[in-house]
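Quick look at the structure:
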């Protein structure tokens, strides 16, 4: 601009037009010092009071960001016209000085179309969407002509508020008045529909554009990236490239985010290569954050760390993405270390780490972190509570779950709105109560929810199914269909599980075969697993093996394991050998198939086969992990292992075990036998009533845990006797129920409640224990679910424990 300085210093202009052209040049180059030199020259010229050039000075100062200079020129003007007011109004509104702009607008003698547009645009650009729309409506009411800038700013405000109804009205007003197509206005329309989640309307608005720019393409790409289907975002990006439009940092960030959602690492690498070729993209914070997040979600944490380390600038988003990435790779320690070094943490950072602990099974740490979050006075979100409730469910910690429920209510989640956060937390609560065995509590939450989504119905169906309430699960499914909600794959897993637990073979077949026809759902591996389990429980082993052979995918260990469990129940050793062989092929070091097969042989008295199988295990280095059960009493966790001698009250517990076991045998109970009885050493302290089955302990450990509850409880509140995770089969249910019922009756501790599936065993049990009929209250309580399709009985003892202790002491 040296020429401008020389021209300003030397020239004497006949009019102010050359000054105006010089000011335009300064604005384009953002040389504010040259604007000031021109201003000084104007002051000394005969044009110092001319409105035209002073207006241009205000505009130049405003566009160069010199608000004080612009305001001084305006304040010292001897005369002003509408352009003067509009110039200072735009100067104040664009950088966000909205209060001053509003005062200036209210002081204007006669605001015109440009004045109103400046206010609508200023408020919209700076997030004051309600005010922007108020001015837009006022402008329309005052009968000012609405142009593309008016509509564009108003549509942007609707997008910011996600106010679809008002956006549609503005769109209708545009169509009614036949406004010609404008790229700014049409791009705003695409963006509005995009942010309101109406993908089809956004696509139609885009298709109707006569001219498109980078903003238009970005709006549509972001629409698909945020609302789905995400693959379309990549397709639109390819179309944009083919049309000759070069992407900017906004485009690339959206495309990288789409790759992250799709775990499309190959496409993400291609975009990253493009970024590295252009220097202008390398330092962009938003784009680099998207790259870190993409690599983290694709479980490429080393690549994510490389991008992170090379970033010239980082923020809380960058660091939170790394925390999430480490957590996804089960590197929770690394995630915690990154979290501890963060200069700034927000609730998203806390949520990422809490979710990491929960996903990796460290539920106690997740709860501790939530308590730390509360001490740090961080306001939890619905995602925070969702992760906390998930941890409570995994721990089967009802007390902690109830405390979490209280926190949720205190933070304003009353489930009385259609807000997504209310629905999310409500669904998590249903899941937690169901997994803790409190079906009635889960039902109450479901009934109080004003709005329900597919996940809400699924939580109820799966919860009922896992707790043994097959009929109720199917009733909920029917209500779901009546409500108009479409079932998905998770829904059908719950339905088939319900049929399996309730023994509804005919219904199970119907729902399995109708999945594709009625609901357009192709059965997945999990659905085949449910059907194999259903047929196996019912003794339809030939049909089950045929179904496995017809599976369109390779059957895994879960499918074969389900069938092997059925072979044990129905003592089919020939099929059991075949299935066990399949399982051993999949995982040669898994002890499960060996133990189950040897159990079948033991029950049939084929002890030579038992010895042979045990010998194979030793030769192949297969180690059976000891079973484990636990119970929490007075905030102290009591853990019991096979042949456990560590517990401080083991003598009391074993003594009562011996007494109760002898009484059970006198009543006609004979436990099932397996090969571990042959191998256990005799021990006067240990009661080898029953050996472990294929999952954590039903026999001795269960009895020890029940009696530990009796011995150590110091209060009279109701207690539940809970059990660890195991695979449910008929013989297991028989033994397990028999033990708890016998204890309850012998100790006279009150009523015992159970769920529907356990009533299937009552007829056989009542033959040896007639007193059961007066003890059981059908459907009053239910099964405690520990996870997956596994379950456990929950027995409720209502007699004060000091009375129980007195009875035990009398026996001793």
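In the UniProt record's numbering, the protein residues as written are 1 to 812. Each residue gets a CB set at the ideal place from its N, CA and C atoms; glycine is no exception.
Spatially closest choice to residue i from the options, by CA coordinates
| i | options | result |
| --- | --- | --- |
| residue 326 | 311, 315, 294 and 346 | 294 |
| residue 274 | 549, 256, 285 and 455 | 256 |
| residue 64 | 94, 53, 44 and 41 | 94 |
| residue 183 | 439, 162 and 210 | 210 |
| residue 391 | 363, 557 and 153 | 363 |
| residue 161 | 283, 126 and 19 | 126 |
| residue 128 | 476, 102, 456 and 142 | 102 |
| residue 524 | 228, 551, 653 and 38 | 551 |
| residue 200 | 232, 430 and 174 | 232 |
| residue 464 | 493, 147, 51 and 349 | 493 |
| residue 590 | 557, 576, 116 and 429 | 557 |
| residue 396 | 361, 487, 377 and 371 | 361 |
| residue 455 | 482, 420 and 441 | 420 |
| residue 821 | 596, 509, 402 and 25 | Residue 821 is absent from the model: the chain starts at 1 and stops at 812. |
Boundaries of the alpha helix (DSSP H) in which residue i is found, first to last residue
| i | result |
| --- | --- |
| residue 386 | 382-395 |
| residue 195 | 183-195 |
| residue 265 | 265-277 |
| residue 594 | 591-603 |
| residue 65 | Note, residue 65: premise wrong, no alpha helix (DSSP H); not H, not E. |
| residue 148 | 148-161 |
| residue 174 | 164-176 |
| residue 209 | Here residue 209 belongs to no alpha helix (DSSP H), and DSSP marks it neither H nor E. |
| residue 410 | 398-410 |
| residue 471 | 470-483 |
| residue 621 | No alpha helix (DSSP H) contains residue 621, which DSSP labels as neither H nor E. |
| residue 586 | 573-586 |
| residue 39 | 32-43 |
| residue 239 | 231-242 |
| residue 84 | 82-93 |
| residue 50 | No alpha helix (DSSP H) contains residue 50, which DSSP labels as neither H nor E. |
| residue 438 | Counting along the chain, residue 438 falls outside any alpha helix (DSSP H), and DSSP gives it neither H nor E. |
| residue 463 | 454-466 |
| residue 198 | Note, residue 198: premise wrong, no alpha helix (DSSP H); not H, not E. |
Close Cβ partners of residue i (< 7 Å) along its chain, the five nearest in sequence each way excluded
| i | result |
| --- | --- |
| residue 539 | 570 |
| residue 424 | 382 and 386 |
| residue 504 | 470 |
| residue 285 | 313 and 315 |
| residue 243 | none |
| residue 848 | Only positions 1 to 812 of the chain appear in the structure, and residue 848 is not among them; the question remains open. |
| residue 105 | 89, 111, 115 and 119 |
Residue i classed as buried or exposed, judged by whether at least 16 other C-beta atoms fall within 10 angstroms
| i | result |
| --- | --- |
| residue 588 | exposed |
| residue 276 | exposed |
| residue 501 | buried |
| residue 472 | buried |
| residue 19 | buried |
| residue 111 | buried |
| residue 379 | exposed |
| residue 28 | exposed |
| residue 657 | buried |
| residue 283 | exposed |
| residue 62 | buried |
| residue 73 | buried |
| residue 177 | exposed |
| residue 480 | buried |
Any non-hydrogen atom of the ligand PLP closer than 6 Å to residue i Cβ
| i | result |
| --- | --- |
| residue 603 | You won't find the ligand PLP in this model; it holds no ligand whatsoever. |
Chain-order list of residues whose beta-carbon lies under 6 Å from that of residue i (same chain, five-residue window excluded)
| i | result |
| --- | --- |
| residue 366 | 354, 357, 358 and 391 |
| residue 83 | 55 |
| residue 267 | 259 |
| residue 685 | At residue 685, the pLDDT of 30 sits below 50, so the modelled position is not reliable; the number obtained from the coordinates is stated separately. The answer, listed in chain order, is 654. |
Neighbourhood of residue i by C-beta, 8 Å cutoff - its chain only, sequence neighbours within 5 removed
| i | result |
| --- | --- |
| residue 601 | 573, 607, 609, 610, 613 and 675 |
| residue 245 | 212, 213, 214 and 217 |
| residue 221 | 233, 236, 237, 240, 251, 254, 255 and 258 |
| residue 495 | 461, 465, 473, 474, 477, 487 and 511 |
| residue 208 | 181 and 186 |
| residue 516 | 522 and 523 |
Report the residue ranges of all alpha helix (DSSP H) runs contained in full by the segment 499-567; include only those spanning at least 4 residues, in chain order. Listed in chain order, they are 505-519, 525-537 and 541-549.
Contiguous alpha helix (DSSP H) assignments of at least 4 residues, all confined to the segment 339-386: List check, alpha helix (DSSP H) in window: 347-359 and 363-375.
Report the residue ranges of all alpha helix (DSSP H) runs contained in full by the segment 290-332; include only those spanning at least 4 residues, in chain order. Counting only unbroken stretches of 4 or more residues, the alpha helix (DSSP H) elements lying wholly within the segment 290-332 are 301-310 and 316-328, in sequence order.
Threshold first: 4 residues or longer. Then list the alpha helix (DSSP H) segments lying entirely within the segment 104-155, N to C. Entirely contained in the segment 104-155, the alpha helix (DSSP H) runs reaching 4 residues are, in chain order, 113-125 and 129-141.
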